[in-house]
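For the record, the sequence lines run as chains S and U.
First residue of the first sequence? That's 86 in the working numbering, and the numbers climb one at a time after it.
First residue of the second sequence? That's 86 in the working numbering, and the numbers climb one at a time after it.
All C-beta atoms in this analysis are idealised placements derived from N, C-alpha and C, irrespective of residue type, glycine included.
Keep in mind the model is a prediction, meaning the values are calculated, not measured.
To keep things clear, I will list the structure first and then write my remarks on it.
2 protein chains.
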Amino acid sequence: MVGEFEIIEKYFAPLAGPEGLSLIDDAALFNPPEGMSLVLTKDISVSGVHFPLNTAAEAIGWRSLAVNLSDLAAKGAKPLGYLLGLGLTGREDAQWLADFSSGLKKAQLFGRCTLFGGDTVRTGERLTVSITAIGTVPVGKFVTRSGAQPGDVIYITGTMGDAALGLACIKGTLKSDDQLISRFTYPQPRVAMAPLLRLYASAAVDISDGLLADAGHIAVCSNVALKIDKARLPLSKGAHTILAKYPDEWPQIWSGGDDYELLCCVRAASVPAFEAKVKETGISCTSVGRVVAGAGVYLYDGDGLQIDTEKQGFQHF
Amino acid sequence: MVGEFEIIEKYFAPLAGPEGLSLIDDAALFNPPEGMSLVLTKDISVSGVHFPLNTAAEAIGWRSLAVNLSDLAAKGAKPLGYLLGLGLTGREDAQWLADFSSGLKKAQLFGRCTLFGGDTVRTGERLTVSITAIGTVPVGKFVTRSGAQPGDVIYITGTMGDAALGLACIKGTLKSDDQLISRFTYPQPRVAMAPLLRLYASAAVDISDGLLADAGHIAVCSNVALKIDKARLPLSKGAHTILAKYPDEWPQIWSGGDDYELLCCVRAASVPAFEAKVKETGISCTSVGRVVAGAGVYLYDGDGLQIDTEKQGFQHF
């Protein structure tokens, strides 16, 4: 196996921004931009827990950073940099490292951030990627989970459930569909939504543990209830095809994890302006329900009947 | 096993500062103090790699944060907060979690910082603690590894080799010595040295991989050579006793890892002021050699003869 210092010099130093001090100093240094608050988030990805053991190295690199960029986007934050904690099993060769760093590079170009530093260690049987991402928001503009109010409209970016269906494809329990698989292995963090959330969202969350579970965070933190219409849930073509054939897969749409889409609440008065601005981003964004007084998250069918959603969410843990 | 959200609420939320937003928001938010640069560092500790499998939970908590505080101290940075990435194996019970968070709490009180956030996941066989620590230095006062010049005096805090000897005690290859063992399990980051390094050090590094290996970083980055006198190396009583009986253990003093002491270089003209200020901290600090023109790190015995230090360092990796 390649040594720690060689790995850093060959594969990671080219990803570093000036804050990384060429990755020779065991620390990053930067001057925070004036008038900005810093947002920090951390997500760990473990092989065999957060992604299948046979996931391609490039996808692991992309995904590990992308899930952190998704967290920043939900806060309305602009990515700045990240620290990479990499626990290698000893089975990763030069090609693996090249592919992994290529995935990281694509994700950091997508998010317009650079590598600040990190630590590379030997771990046990499971490859572990622990990323701390740093972003900025103008002071006072951090988007919380606690500002939703009755009357707000609930929006969701992209389509729901694809990643969970894609994972089922990878595991072979559903017929393979490249689009759905790609939704699991290459989640697209909604970085471009961050400025709009800062302007228009009363509350936001990224959907990593399933729509209902993450909507539940907003319900709890904002002390409100969220009513979501099943008929309005945005579905991909691949999901449509599967659901037509296997209607039992429907709960994946609202309980499946790993979509890394955003859910946000918007005051009714802001809806026209929000929708106009969203169009400019090219990101699809669908109104799926309303915030009401009460507690909890409720899913309704087209006839206004509440759906029993026993399987309330997804926890990696 | 206890669930993720319960763990966070019960054990980690009490460690959080206001920046952690009660750990319910998946992100930390803070306004960097004006006129300060931020220093970020990341160190991962893996059970069975960085500490023995049977290490007490409290020691793991202390140690995992302490090694990051040591990195900050070497840069002259004052600790501000940290993000905790915790990979649990599933064998950790409530008592383990209480002890682990107690160790973290002691270390954060020692370093005067608080928990900003993090991620708790299920990992494989090896407990993994990935910490990102954040500190501040006044703009332009970051202490690098690259400023040493010929003529500078080389200082070392504390005593050398204790942690490696302590680890040998734990492993049973040396007779047990509580003091030495404690030097491995509860390293004392030299937080109080940070302001002095900012004022007086031309270069500094924390000694985590062994004296010669870490001195080597300064030699390379500063493009100088470091001459160190074996006779001046500060030794603990426990180390003295072992070396008197087993002189073959001497290389542990300059090649053993995990001491988390600081090495710094000070211009000859600043020596009196530096030594006076160090006394006020109560931390022992010993001059052990000189920076000279050239490249590499050289160890000399009392007669000025160069010692062959084949075993040049220690790598966890």
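Check: Going by alpha carbons, who is nearest to residue 188/S out of 92/S, 391/S, 163/S, 149/S?; Outcome: 149/S
Check: Shorter than 8 Å from the beta carbon of residue 398/S to some beta carbon of chain U?; Outcome: In this prediction, residue 398/S has a pLDDT of 46, which is less than 50 and means its spatial position is unreliable; what the coordinates show is noted afterwards. Judged by the 8 Å Cβ criterion, residue 398/S is not in contact with chain U.
Check: Could you compute how far the alpha carbon of residue 193/S sits from the alpha carbon of residue 199/S?; Outcome: 6 Å
Check: Which residues does DSSP list as the beta-bridge partners of residue 130/U?; Outcome: 214/U
Check: Please list, in chain order, the chain U residues whose beta carbon lies closer than 7 Å to that of residue 123/S.; Outcome: 115, 117
Check: Taking the beta carbon of residue 153/U as the centre, do at least 16 other beta carbons fall within 10 Å, making it buried, or is it exposed?; Outcome: buried
Check: Report the three-state DSSP secondary structure of residue 110/S (helix, strand or coil).; Outcome: coil
Check: Enumerate in chain order the residues of its own chain whose CB-to-CB distance from residue 391/S is below 8 Å, with the five nearest sequence positions on each side excluded.; Outcome: 383, 384, 385
Check: Please confirm if residue 168/S has its CB atom under 8 Å from at least one CB of chain U.; Outcome: yes
Check: If I measure Cβ to Cβ from residue 205/S and keep anything under 6 Å in the same chain, skipping five residues before and after, which residues do I get?; Outcome: 89, 92, 171
Check: Check whether the Cβ atoms of residue 309/U and residue 374/U sit closer than 8 Å, and answer yes or no.; Outcome: no
Check: Which residues bound the beta strand (DSSP E) around residue 287/S?; Outcome: 286 to 292
Check: Is there a Cβ from chain U that is less than 8 Å from the Cβ of residue 177/S?; Outcome: no
Check: Of all Cβ atoms in chain U, is any one closer than 8 Å to the Cβ of residue 148/S?; Outcome: no
Check: Which residues of chain S have a Cβ atom closer than 8 Å to the Cβ of residue 140/U, listed in chain order?; Outcome: None at all; the shortest Cβ gap to chain S is about 15 Å.
Check: Starting from residue 268/S and walking both ways along the alpha helix (DSSP H), at which residues does that stretch end?; Outcome: 263 to 270
Check: Are the CB atoms of residue 211/S and residue 243/U within a distance shorter than 8 Å?; Outcome: no
Check: Please go through the region 121 to 197 of chain S and give each complete beta strand (DSSP E) segment of 3 or more residues, from N-terminal end onward.; Outcome: 121 to 131, 163 to 173
Check: Between residue 224/U and residue 118/S, what straight-line distance do the alpha-carbon atoms span, to the nearest angstrom?; Outcome: 13 Å
Check: When the Cβ atoms of the region 343 to 355 of chain S are set against those of the region 233 to 250 of chain S, are three or more pairs found closer than 8 Å?; Outcome: yes
Check: Does the beta carbon of residue 151/U sit closer than 8 Å to a beta carbon anywhere in chain S?; Outcome: no
Check: Per DSSP, residue 346/S forms a beta bridge with which residues?; Outcome: 292/S
Check: Less than 8 Å between C-beta atoms, sequence neighbours within five positions excluded: which residues of the same chain meet that for residue 328/S?; Outcome: 320, 334, 335, 338
Check: Tell whether a beta-carbon distance below 8 Å holds between residue 122/U and residue 139/S.; Outcome: no
Check: Using only the alpha-carbon positions, how far apart do residue 203/U and residue 186/U sit?; Outcome: 13 Å
Check: Please classify residue 223/U: does DSSP put it in a helix, a strand, or coil?; Outcome: strand
Check: Using DSSP with H/G/I as helix, E/B as strand and the rest coil, what is residue 331/S?; Outcome: coil
Check: Quick check: what's the CA-CA separation for residue 296/S versus residue 272/S?; Outcome: 15 Å
Check: Tell me the residue span of the alpha helix (DSSP H) that contains residue 366/U.; Outcome: 356 to 366
Check: Which residue from 111/U, 280/U, 238/U puts its Cα closest to that of residue 354/U?; Outcome: 238/U
Check: Looking only at C-alpha atoms, which of 253/U, 195/U, 180/U sits nearest to residue 277/U?; Outcome: 195/U
Check: For residue 147/U and residue 326/U, what's the separation of their Cα atoms in angstroms?; Outcome: 27 Å
Check: Identify the contact partners of residue 236/S in chain U, using a Cβ-Cβ distance below 8 Å as the criterion.; Outcome: The premise fails here: residue 236/S is roughly 23 Å from chain U at the closest Cβ pair, so nothing lies under 8 Å.
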